[in-house]
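Engineer:
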Amino acid sequence: MTVRFFEVTAAEGSRFTGFINGVHRWGLPGGLCPVCQASPGGLGEAYPSVDLSGWAHRADLVEARQEPLEEYERLRELVRLQVPFEAPLRPGAEFGPLTGKASGKWSALDLPSPWTLVMRTETVDLLREAGIALRASKMDLRFRGKTEVDLREIELHCRGRLHDSCFPGGRERPCERCGRQGGSYPDAPVLDGSTLTGDLDLFRLRDYTTIIIATERFVDAVNRFGFEGVVFKELPVL
Numbered sequence: 115m116t117v118r119f120f121e122v123t124a125a126e127g128s129r130f131t132g133f134i135n136g137v138h139r140w141g142l143p144g145g146l147c148p149v150c151q152a153s154p155g156g157l158g159e160a161y162p163s164v165d166l167s168g169w170a171h172r173a174d175l176v177e178a179r180q181e182p183l184e185e186y187e188r189l190r191e192l193v194r195l196q197v198p199f200e201a202p203l204r205p206g207a208e209f210g211p212l213t214g215k216a217s218g219k220w221s222a223l224d225l226p227s228p229w230t231l232v233m234r235t236e237t238v239d240l241l242r243e244a245g246i247a248l249r250a251s252k253m254d255l256r257f258r259g260k261t262e263v264d265l266r267e268i269e270l271h272c273r274g275r276l277h278d279s280c281f282p283g284g285r286e287r288p289c290e291r292c293g294r295q296g297g298s299y300p301d302a303p304v305l306d307g308s309t310l311t312g313d314l315d316l317f318r319l320r321d322y323t324t325i326i327i328a329t330e331r332f333v334d335a336v337n338r339f340g341f342e343g344v345v346f347k348e349l350p351v352l
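Yeah, the sequence shown ends on 352 if you go by my numbering, and it's all consecutive.
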């Protein structure tokens with residue numbers, strides 16, 4: 115059976131105003147490449163389940179900053195020993211609970227930023243009962259107003275890439291030093307089927323870590339429960 119995939123984006127309208135002003139507790143610094151003069155960043159790459167509170171080098175990951183690429187690489191390899199799963203760990207990758215202020219009206223699922231997916235706890239429970247495997251972490255939020263909502267951040271791992279054919283002018287060659295491959299997200303994205311592992315119903319793309327992808331199984335479960343807050347756009351696969 116062919117698996118269908120969908121890009122997840124925020125629903126629009128006055129009923130969908132959930133907003134978070136916050137960051138995760140720890141994060142890798144940026145790493146300025148001496149060859150391409152850019153940082154091969156992974157905005158959106160976040161692992162709230164990774165607790166670095168007892169780690170000897172945690173103080174090096176508190177301040178957001180730009181470092182030479184070699185320093186970022188040194189810290190990345192130290193952190194990799196603390197991460198119990200495969201992950202790119204690009205510059206700016208974050209760890210630990212999302213901490214900050216929250217406001218607005220919260221739906222069953224929300225994207226307070228395009229790359230951050232949060233759900234009400236009861237939404238997580240129902241989706242899990244429907245067979246959807248979710249990594250969901252508590253957040254350290256202060257709510258504006260009297261109403262507090264029990265929210266969980268969904269941890270999204272990186273899988274899959276876009277197909278080279280969806281870049282009309284051709285895809286940029288990766289930097290020979292840092293591997294950064296630039297280029298704007300295409301208007302008509304196509305997934306590269308050879309890079310899709312099929313082990314997750316929710317994930318973010320490896321080459322565009324701000325883009326969240328769901329399988330048809332996840333979409334069907336959300337629609338069956340009538341959950342609101344996000345919308346789905348099917349993407350072709352080659």
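Positions of the beta carbon are idealized from the N, C-alpha and C atoms, including for glycine.
Within a Cβ cutoff of 7 angstroms, which residues of the same chain sit near Ser279, ignoring the five residues on either side of it in sequence?
Structural biologist: Walking along the sequence shown from the start, residue 279 turns up at place 165. Around Ser279: Val304, Leu352.
Engineer: Could you tell me the alpha carbon to alpha carbon distance between Leu189 and Arg139, rounded to whole angstroms?
Structural biologist: In the sequence shown, counting from the first residue as 1, residue 189 sits at position 75. In the sequence shown, counting from the first residue as 1, residue 139 sits at position 25. Their backbone Cα atoms lie some 16 angstroms apart in a straight line.
Engineer: Is there a C-beta anywhere in chain B that falls below 7 angstroms from the one on Asp239?
Structural biologist: This model lacks chain B altogether; it includes just one protein chain.
Engineer: Have a look at Gly218 and Glu267 and give me their C-alpha separation to the nearest angstrom.
Structural biologist: Locating residue 218 in the sequence shown gives position 104, counting from the first residue. Locating residue 267 in the sequence shown gives position 153, counting from the first residue. C-alpha separation (whole angstroms): 16 angstroms.
Engineer: Count the other CB atoms, across all protein chains shown, that sit within 10 Å of the CB of His277; report buried if there are 16 or more and exposed otherwise.
Structural biologist: Translated into positions along the sequence shown, residue 277 becomes position 163. It is buried - the Cβ of His277 has at least 16 other Cβ atoms within 10 Å.
Engineer: Going by other Cβ atoms of all chains shown within 10 Å of its Cβ, with 16 needed for buried, is Arg384 buried or exposed?
Structural biologist: Residue 384 lies beyond the stretch modelled for the chain, which goes from 115 to 352, so this question has no answer here.
Engineer: To the nearest angstrom, report how far apart Ala335 and Tyr299 are at their CA atoms.
Structural biologist: On the sequence shown, position 221 is the one that residue 335 refers to. On the sequence shown, position 185 is the one that residue 299 refers to. Going from the Cα of Ala335 to the Cα of Tyr299 covers about 28 angstroms.
Engineer: How about the region 173 to 188 and the region 279 to 288: do they share at least three Cβ pairs that are nearer than 8 angstroms?
Structural biologist: No, the region 173 to 188 does not touch the region 279 to 288.
Engineer: So, using beta-carbon positions, are Arg294 and Cys150 closer together than 7 angstroms?
Structural biologist: As a working note, residue 294 is residue 180 in the sequence shown. As a working note, residue 150 is residue 36 in the sequence shown. Yes.
Engineer: For Gly296, collect the residues of the same chain with a Cβ closer than 6 angstroms to its Cβ; drop the 5 residues on either side in sequence, then sort them by chain order.
Structural biologist: The count along the sequence shown starts at 1 and reaches residue 296 at position 182. Excluding positions up to five away in sequence, the list reads Glu286.
Engineer: Give the straight-line distance between the Cα atoms of Pro205 and Leu146, rounded to the nearest whole angstrom.
Structural biologist: Here residue 205 refers to the residue found at position 91 of the sequence shown. Here residue 146 refers to the residue found at position 32 of the sequence shown. Straight-line Cα distance between these residues: approximately 9 angstroms.
Engineer: Compare the beta carbon distance of Tyr161 and Phe120 with 7 angstroms and say whether it is the shorter of the two.
Structural biologist: Within the sequence shown, the letter at position 47 stands for residue 161. Within the sequence shown, the letter at position 6 stands for residue 120. No, these two residues do not count as a Cβ contact at 7 angstroms.
Engineer: Am I right that Leu195 and Leu142 are in contact with their C-beta atoms under 8 angstroms? What's the rounded C-beta distance?
Structural biologist: Your numbering for residue 195 matches position 81 in the sequence shown. Your numbering for residue 142 matches position 28 in the sequence shown. Not really, about 14 angstroms apart at Cβ, beyond 8 angstroms.
Engineer: Under 7 angstroms, do Thr309 and Arg338 count as touching if we go by C-beta distance?
Structural biologist: Position 195 of the sequence shown, counted from the first residue, corresponds to residue 309. Position 224 of the sequence shown, counted from the first residue, corresponds to residue 338. For Thr309 and Arg338, no; Cβs fall outside 7 angstroms.
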